[in-house]
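**Q**
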Amino acid sequence: MQNGLPVCYASRALNKAEQRYAQIEKELYACVFACERFHAYIYGRTDITIETDHKPLVSIIKKSIVDSPTRLQRMLLRLQRYTFKLVYKPGKHLYIADALSRAYEPTVLSALHPSSDSLHDEVCAVQRQAVSRVTDDITDVQFVQLQKYTETDNELIKLKKYVLKGWPSVKGEVDDIIKPYWNYKEDLSFAHGLVWKNERIIVPKILRKEFLNKLHIDHMGLEKCKLRAREILFWPGLNNDLKNMVLNCQICLSFRRNNQKE
């Protein structure tokens with residue numbers, strides 16, 4: 016709306032995964048959709064007002080991001096590049112939006128919709144810096160390897176499908192190979208050719224031993240290795256794999272034996 020008149024209308028249907036969102040998540044996702052849909056018009060402006068009939072959303076926006084659930088955090092991060100004021104308005108006064116919610120587009124294909132690739136690139140550039148810091152300067156070749164083997168890893172191929180297309184309503188309907196990820200499903204995302212658990216890369220099986228060696232390259236104790244891994248890497252059973260590596264490291268065993276003799 017500008018000067019009380021509509022400039023453009025937009026709406027879309029939620030997919031099956033989005034339909035299972037909590038109401039507060041749906042409301043915030045509507046803000047994300049609107050901002051990204053009209054990115055070309057609102058980016059860089061400071062006079063944007065978003066009206067909502069969901070009062071709790073106003074307090075969520077005012078909170079620190081770290082105090083919000085993971086899914087809301089991801090949405091809030093997508094809104095960080097926009098400057099806007101969110102105000103509450105009773106639903107009976109939002110009749111245009113109410114009508115659009117009943118006449119949505121089945122799909123949204125428009126030049127007005129910005130590509131999310133640039134946002135993904137920005138996010139993943141930060142994530143890549145974190146990988147480099149934690150894993151002793153990961154090389155370009157290694158980063159490409161992570162992407163390459165993510166494409167061919169049977170487990171991650173199936174996991175990516177669930178992440179992008181939605182999860183079944185019950186764990187029993189999930190492929191056995193993916194069940195270890197069930198408890199983390201709300202924290203998973205796919206970006207820049209990699210599957211992520213929050214900010215941690217899920218490492219393809221073929222590369223896990225290599226990254227275990229990187230985590231233990233300084234022959235630190237188990238807890239310090241876990242701490243390093245917790246910052247950027249993930250796969251089910253990672254802590255057990257680290258424990259086995261540290262307990263069976265010949266250099267560490269030799270060092271412990273020498274200390275005992277003294």
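If you're matching positions, the sequence shown starts at 16 in my numbering and goes up one per residue. Where is the CB? At the ideal position from N, CA and C, for every residue including glycine. What you are looking at is a predicted structure, and each value in this text was computed from that prediction instead of being measured.
Going by C-alpha to C-alpha distance, which of E238, N213, Y58 sits closest to L203?
**A** With distances taken between Cα atoms, L203 lies closest to N213.
**Q** Given a threshold of 16 other Cβ atoms within 10 Å of its Cβ, counted over all protein chains shown, does A45 qualify as buried or as exposed?
**A** So A45 ends up on the buried side.
**Q** Closest to I39 by CA distance: which of H54, R245, V261, M90 is it?
**A** Cα-wise, what sits closest to I39 is M90.
**Q** Once DSSP output is grouped into helix, strand and coil, what is the label at W182?
**A** Note: W182 maps to coil in three-state DSSP.
**Q** By the 10 Å Cβ neighbour count, where 16 or more other Cβ atoms means buried, how is V178 classified, buried or exposed?
**A** So V178 counts as buried.
**Q** If you reduce the DSSP assignment to three classes, tell me which class R96 lands in.
**A** Reduced to three states, the DSSP call for R96 is coil.
**Q** Classify Q104 as helix, strand or coil using the three-state DSSP reduction.
**A** Residue identity differs from the one stated: residue 104 is Lys in this sequence, not Gln. Residue state, collapsed to three classes: coil.
**Q** How big is the Cα-Cα spacing for S83 and I75?
**A** Near 7 Å, if we compare the C-alpha coordinates of I75 and S83.
**Q** Note down the Cα distance separating F99 from V73, rounded to an integer number of angstroms.
**A** Those two C-alpha atoms are separated by around 12 Å.
**Q** Inspect the beta-carbon positions of D68 and P21 and report whether they are closer than 9 Å.
**A** Contact: no.
**Q** Locate the alpha helix (DSSP H) running through V210, then write down its first and last residues.
**A** No alpha helix (DSSP H) holds V210; the beta strand (DSSP E) holding it covers 209-212.
**Q** Shortest alpha-carbon distance to L101 belongs to which of I247, L43, L227?
**A** Among I247, L43, L227, the Cα nearest to that of L101 belongs to L43.
**Q** To the nearest angstrom, how far is it from the Cα of R27 to the Cα of F53?
**A** Taking the straight line from one Cα to the other gives about 14 Å.
**Q** Just verifying my parser: in three-state terms, what is the DSSP assignment at L29?
**A** The answer is coil: DSSP assigns L29 none of H, G, I, E or B.
**Q** As an exercise, report each continuous alpha helix (DSSP H) stretch of at least 4 residues that is fully enclosed by the stretch 211-273, in chain order.
**A** Counting only runs of 4 or more, we get 220-230, 237-247, 253-262.
**Q** Would Y103 and K77 qualify as a contact pair, given that the criterion is a beta-carbon distance under 9 Å?
**A** No, Cβ-Cβ distance for Y103 and K77 is not below 9 Å.
**Q** Suppose only complete runs of 3+ residues qualify. What are the beta strand (DSSP E) ranges in the stretch 50-98, listed by chain order?
**A** For the stretch 50-98, whole beta strand (DSSP E) runs of length 3 or above, ordered along the chain, are 63-67.
**Q** Kindly indicate which three-state DSSP category V22 falls into: helix, strand or coil?
**A** Coil, per DSSP.
**Q** Determine the extent of the alpha helix (DSSP H) in which L109 is found, giving its start and end residues.
**A** First-last for L109: undefined, no H or E at that position.
**Q** DSSP state of A206, grouped into three classes?
**A** A206: strand per DSSP, three-state reduction.
**Q** Can at least three beta-carbon pairs, one atom from the stretch 208-227 and one from the stretch 57-67, be found at a separation below 8 Å?
**A** Verdict: no, contact absent.
**Q** Let me make sure I understand the geometry here. Which of G181, Q160, N169, V47 has the alpha-carbon closest to that of D191?
**A** It is N169 whose Cα lies nearest to the Cα of D191.
**Q** By the 10 Å Cβ neighbour count, where 16 or more other Cβ atoms means buried, how is A244 classified, buried or exposed?
**A** Looking at its Cβ environment, which holds 16 or more other Cβ atoms inside 10 Å, A244 is buried.
**Q** Measuring straight from C-alpha to C-alpha, what distance separates N263 and L257?
**A** Taking the straight line from one Cα to the other gives about 10 Å.
**Q** Are there 16 or more other CB atoms within 10 angstroms of the CB of G19, so buried, or fewer, so exposed?
**A** Burial call: exposed.
**Q** When you compare the CB positions of R86 and S184, do they come within less than 9 Å of one another, or not?
**A** Result no, Cβ atoms of R86 and S184 do not sit closer than 9 Å.
**Q** On a CA-only basis, which of I247, N259, A206, E201 is nearest A37? Give me that one, please.
**A** The candidate whose alpha carbon is nearest that of A37 is E201.
**Q** Measuring CB to CB, does K176 end up less than 9 Å from K186?
**A** Against a cut-off of 9 Å, the Cβ pair of K186 and K176 comes out as no contact.
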